[in-house]
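J.: Numbering (the working numbering), first residue to last: 982 to 1504.
Quick one: the structure is below, questions incoming.
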């Protein structure tokens, strides 16, 4: 018998008829546009097409793809909208390649996705990584507040250093103590050069994440106004917030505010197929460079199935956007109310958020800590006993992603499962988080830019031997894909303590081998 491991696993998964509260947002077609559903009935293989006459070319659209993207731009109020077939990752990286010059500075919040780091390898930019505000009880990042951003912009924009003078900032948004490690001394010449570069270059752009994976964000209008007043390019990761454009209750959509470049994962909270996203350019001068960068980075063999799904989304939202997102919100409120009535469970936010912060209700973050259950224990129970699969889980909670593809029957199924779990699991309540999550609140001090690290010589060492070395490859816990250790950062004992804890808890840590080794710069 032929071995087809992936096909076998997919087939096995489908046998269980799992109920998903995760991406993609169409929820196995329940939320897909009707014409697209009819098209799919012709068979996937029939739809696997290429640039034949009449089907246009994504890299030089002048026919049906041009018109579809134009309609999407009109829908979202953009100067130009680009279809992305490599996910939001390629959009973020193309925007960085287009706008960020080599050695140009980029303000980045600490909870940025790893794709931004990889984009800096392409652009050669200098990251100024800013701490973000935390919700410590739940252990999640809120993001960059207006006060913090304002202070940062006043400090960094403009930031000129006279000839012969060295800035105290070394690829960091704040001052940080220098670790006294032997390896640092050996590259001190390069450290000084990077310090000078960081002080003498202007900021090319400000990168923001709004909302977060868990649905939290600061008032979009306030954030965008601060950046516009400085005349800086504003690049937005709105991967988890494409749906927020079609509601008026929450001021979380930076696309509504006209931020310069906004990238949305249309497959996450809307109804496109996985990997299909959109990049909206709202400022004329960025259209051409972004187009050129996308032509460099996107495949020359784009999937017409993915592009057709994006076309279906723009049509669906044009006629039903507000109603569909309204349904998502109503269903999410029903789920929240259902869970809040079950003893032993809490739903975020269980206390008012600080002034200026908002939460997207379609991200239902649930804790069973009072029952003594970790997030991953709760996720496992939901999947193995009740056939319910959540979007994400961590030590403290699980995340349900609710879209218009869900029904009240789905919510009832969750309620039945959680009531049963509550009755059967009564252990000592969990303590607070077993390890500090303070790395979100600390400045990241990089001795080299991501691009310089990428081209530097490296070696692999055991975790126990890595203290004091310079990280050669990001260490990233999935989900959500936020680096806990950046390339170019000095490895401290607390970093490794966090990584060991994650490995003990069977979390996926990208950057750590099966032998528990990590990559460092060669001395």
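We treat Cβ as the ideally placed atom computed from N, Cα and C, and that holds for glycine.
With burial defined as no fewer than 16 other Cβ atoms inside 10 Å of the residue's Cβ, what is the status of residue 1216: buried or exposed?
T.: Position 235 of the chain shown, counting from 1, holds the residue named residue 1216. Burial check for residue 1216: the Cβ neighbour count within 10 Å reaches 16 or more, so the residue is buried.
J.: Is it true that the CB of residue 1248 sits closer than 7 Å to the CB of residue 1257?
T.: In the chain shown, residue 1257 corresponds to position 276, counting from 1. In the chain shown, residue 1248 corresponds to position 267, counting from 1. Contact flag set, yes.
J.: So, at 8 Å on beta carbons, what are the nonlocal neighbours of residue 1161 in its own chain, with the 5 sequence-adjacent residues on each side left out?
T.: Walking along the chain shown from the start, residue 1161 turns up at place 180. Bear in mind that the predicted position of residue 1161 carries a pLDDT of just 37, short of 50, making it too unreliable to give a figure here.
J.: In angstroms with no decimal places, state the Cα-to-Cα distance between residue 995 and residue 1385.
T.: In the chain shown, the residue the question calls residue 995 occupies position 14. In the chain shown, the residue the question calls residue 1385 occupies position 404. Distance between the alpha carbons of residue 995 and residue 1385: 21 Å.
J.: Can you say whether residue 1167 is buried or exposed, counting buried as having 16 or more other CB atoms within 10 angstroms of its CB?
T.: What you label residue 1167 is simply residue 186 of the chain shown in a count that begins at 1. For residue 1167, the pLDDT reaches just 49, beneath the cut-off of 50, and the residue's location in the model is therefore unreliable, leaving the point undetermined.
J.: Based on Cα-Cα distance, which residue from 1191, 1110 and 1374 lies nearest to residue 1425?
T.: One-based indexing of the chain shown puts residue 1425 at position 444. Closest option to residue 1425, Cα to Cα, is 1110.
J.: Need the endpoints of the alpha helix (DSSP H) that residue 1018 sits in, please.
T.: For this step, residue 1018 is matched to residue 37 along the chain shown. Taken as a continuous stretch (DSSP letters only), the alpha helix (DSSP H) holding residue 1018 covers 1015-1021.
J.: Let me know the secondary structure DSSP gives residue 1149 once reduced to three states.
T.: Mapped onto the chain shown, residue 1149 falls at position 168. Residue confidence for residue 1149 is low, a pLDDT of 34 falling below 50, so the modelled location carries little weight and cannot support an answer.
J.: With a threshold of 6 Å on Cβ separation, who are the neighbours of residue 1475 within its own chain once the five nearest residues in sequence on each side are excluded?
T.: On the chain shown, residue 1475 is found 494 positions in, with the first residue counted as 1. The answer is none, since no qualifying residue turns up.
J.: Can you tell me where the alpha helix (DSSP H) with residue 1489 in it begins and where it stops?
T.: As a working mapping, residue 1489 is identified with position 508 in the chain shown. No alpha helix (DSSP H) holds residue 1489; the beta strand (DSSP E) holding it covers 1489-1491.
J.: Sort 1022, 1268 and 1082 by Cα distance to residue 1184 and report the nearest one.
T.: Within the chain shown, the letter at position 203 stands for residue 1184. When only C-alpha atoms are compared, the closest one is 1082.
J.: Would DSSP call residue 999 helix, strand or coil?
T.: Taking the first residue of the chain shown as position 1, residue 999 is located at position 18. It is coil, neither helix nor strand.
J.: For residue 1407, count neighbouring C-beta atoms within 10 Å of its own C-beta (all shown protein chains included) and say buried if the count is 16 or more, exposed if not.
T.: As a working note, residue 1407 is residue 426 in the chain shown. Answer is exposed; the Cβ neighbour count stays below 16.
J.: Which partner residues does residue 1218 have in the DSSP bridge list?
T.: By one-based count along the chain shown, residue 1218 stands at place 237. In the DSSP output, where bridge partners are listed per residue, residue 1218 has 1190 and 1244.
J.: Report the residue from 1223, 1211 and 1135 whose alpha carbon sits nearest the alpha carbon of residue 1244.
T.: Taking the chain shown and counting its residues from 1, the one referred to as residue 1244 is at position 263. Looking at the Cα atoms, 1223 is the closest of the given residues.
J.: Can you tell me where the alpha helix (DSSP H) with residue 1319 in it begins and where it stops?
T.: Taking the chain shown and counting its residues from 1, one reaches residue 1319 at position 338. Counting along the chain, the alpha helix (DSSP H) containing residue 1319 begins and ends at 1285-1321.
J.: Label residue 1195 either buried or exposed according to how many other C-beta atoms from any shown protein chain fall within 10 Å of its C-beta, with 16 as the threshold for buried.
T.: For this step, residue 1195 is matched to residue 214 along the chain shown. So residue 1195 ends up on the buried side.
J.: Within the same chain, show all residues whose beta-carbon is closer than 7 Å to that of residue 1056, passing over the 5 residues directly before and after it, in chain order.
T.: For this step, residue 1056 is matched to residue 75 along the chain shown. Taken in chain order, the residues that qualify are 1295, 1298 and 1299.
J.: Could you please give the first and the last residue of the uninterrupted alpha helix (DSSP H) stretch that includes residue 1348?
T.: Within the chain shown, the letter at position 367 stands for residue 1348. Here residue 1348 belongs to no alpha helix (DSSP H); instead the beta strand (DSSP E) covers 1344-1348.
J.: So what does residue 1124 bridge to, in DSSP terms?
T.: Translated into the one-based positions of the chain shown, residue 1124 becomes position 143. According to DSSP, which records beta bridges pairwise, residue 1124 is partnered with 1114.
J.: Return the residue from the list 1428, 1011 and 1190 that minimises the CA-CA distance to residue 1219.
T.: What you label residue 1219 is simply residue 238 of the chain shown in a count that begins at 1. Considering only alpha carbons, the answer is 1190.
J.: Is residue 1155 helix, strand or coil by DSSP?
T.: The residue given as residue 1155 occupies position 174 in the chain shown. At residue 1155 the pLDDT is 39, less than 50, meaning the model places this residue with poor confidence and gives no usable figure here.
J.: In the stretch 1004-1065, which residue ranges form an unbroken beta strand (DSSP E) of at least 3 residues, counting only runs that do not cross its ends?
T.: Here the runs fully enclosed are 1061-1065.
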